[in-house]
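Here the sequence shown is numbered in full-length UniProt numbering, starting from 1 and rising by one per residue.
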Amino acid sequence: MAHSLKGGAAHAAEPAQPNRPDLSTDAIRTAKEDLAACFRMAARNGFEEGICNHFSAVVPGHDDLFIVNPYGHAFRELTASKLLVCDFNGAVVDGDGEPEATAFYIHAEIHRRLPRARVAFHTHMPYATALSMTDGPPLIWAGQTALKFYGRTAVDENYNGLALDHREGARIAATAGDADIVFLKHHGVLVLAPTIAAAWDDLYYLERACEVQVLAMSTGRTVSPVDPAIADAAYRQMREGDAASAAAHLAAIRRQLDAEEPQYRH
Numbered sequence: 001m002a003h004s005l006k007g008g009a010a011h012a013a014e015p016a017q018p019n020r021p022d023l024s025t026d027a028i029r030t031a032k033e034d035l036a037a038c039f040r041m042a043a044r045n046g047f048e049e050g051i052c053n054h055f056s057a058v059v060p061g062h063d064d065l066f067i068v069n070p071y072g073h074a075f076r077e078l079t080a081s082k083l084l085v086c087d088f089n090g091a092v093v094d095g096d097g098e099p100e101a102t103a104f105y106i107h108a109e110i111h112r113r114l115p116r117a118r119v120a121f122h123t124h125m126p127y128a129t130a131l132s133m134t135d136g137p138p139l140i141w142a143g144q145t146a147l148k149f150y151g152r153t154a155v156d157e158n159y160n161g162l163a164l165d166h167r168e169g170a171r172i173a174a175t176a177g178d179a180d181i182v183f184l185k186h187h188g189v190l191v192l193a194p195t196i197a198a199a200w201d202d203l204y205y206l207e208r209a210c211e212v213q214v215l216a217m218s219t220g221r222t223v224s225p226v227d228p229a230i231a232d233a234a235y236r237q238m239r240e241g242d243a244a245s246a247a248a249h250l251a252a253i254r255r256q257l258d259a260e261e262p263q264y265r266h
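This is the structure in structure tokens:
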């Protein structure tokens, strides 16, 4: 299912710049370690699908570059040093390998066209993807965890097959608009965020919200949504402390990995 970028963006890529940017800063190293931690924990939680899914983050201090996972690696294999730095034309500025083709076309256009989306996580995690395959809005707003995303979602209704060109990436970016969560019909989900911590927090709780909704629906009983006024109030309560909670959540997963899988940092 995964596709090599060779033969696609590679032919359109501009030559690497002769003045290579300084990518050895502490901020960039921290971003790579944080992303590697997210890959590892996503694998533990069953959010990955083979070698097909991808996370990216704009490089701190370089708005024209982004960090992304290399083609051919499962999430649980990734470490900070294995991650790539790419430009928006498909050139690998740092790292060994190349991005998966759909990863490049989706993430390059997201970061190019939506500057607010400093981080983009795309998965086919099962419960969220299951709801992307159903009629109507994916989330019913019946569970408290789901209310974290109240008013923050968009649905891409126009599945066009694999994202193997810039036009499809641009179309997905346009569909996202101001939303933080995009349910890609028949495909999966896209989480957009200003920080790696916020993206991880949303990804984790989105799948939890989708899981309990699927379980509730499987009973065959009516799933009752929360009153819209209360749903909006609860959403605002959650958002008040979201940034701090997300940072603590990322720190917690890094502590777990430091104790059990410290190689993610290398």
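The beta carbon of each residue, even a glycine, is placed where N, CA and C say it ideally should be.
Per DSSP, the unbroken beta strand (DSSP E) holding T153 starts and ends at 153 to 156. When DSSP reads this structure, V119 sits in a beta bridge with A57, A193. With respect to the 8 Å criterion, H124 and N53 are classified as neighbours on the basis of their beta carbons. Residue environment for Y159: exposed (fewer than 16 other C-beta atoms within 10 angstroms of its C-beta). Per DSSP, the unbroken alpha helix (DSSP H) holding F104 starts and ends at 101 to 113.
Here the alpha carbon of T222 sits roughly 45 Å from the alpha carbon of T79. Boundaries of the beta strand (DSSP E) around F66: 62 to 68. The alpha-carbon of T219 is positioned some 36 Å away from that of I196.
The Cβ atoms of Y71 and E100 sit closer than 8 Å to each other. L162 is positioned such that its CB atom lies no closer than 8 Å to that of D180.
Under the DSSP assignment, F75 falls outside any alpha helix (DSSP H); it carries neither an H nor an E label.
In the three-state DSSP reduction, I140 falls in the coil class, being neither helix nor strand.
Secondary structure at L184: strand, using DSSP grouped into helix, strand and coil. Closest by C-alpha distance to H187, out of A130, R167, H166, is A130. If you check the CB distance, A31 and P60 come in under 8 Å. Taking 8 Å as the upper bound for CB-CB distance, A128 and V189 are in contact here, some 5 Å apart.
Around the beta carbon of I28, a 10 Å sphere encloses 16 or more other beta carbons of the protein chains shown; the residue is thus reported as buried.
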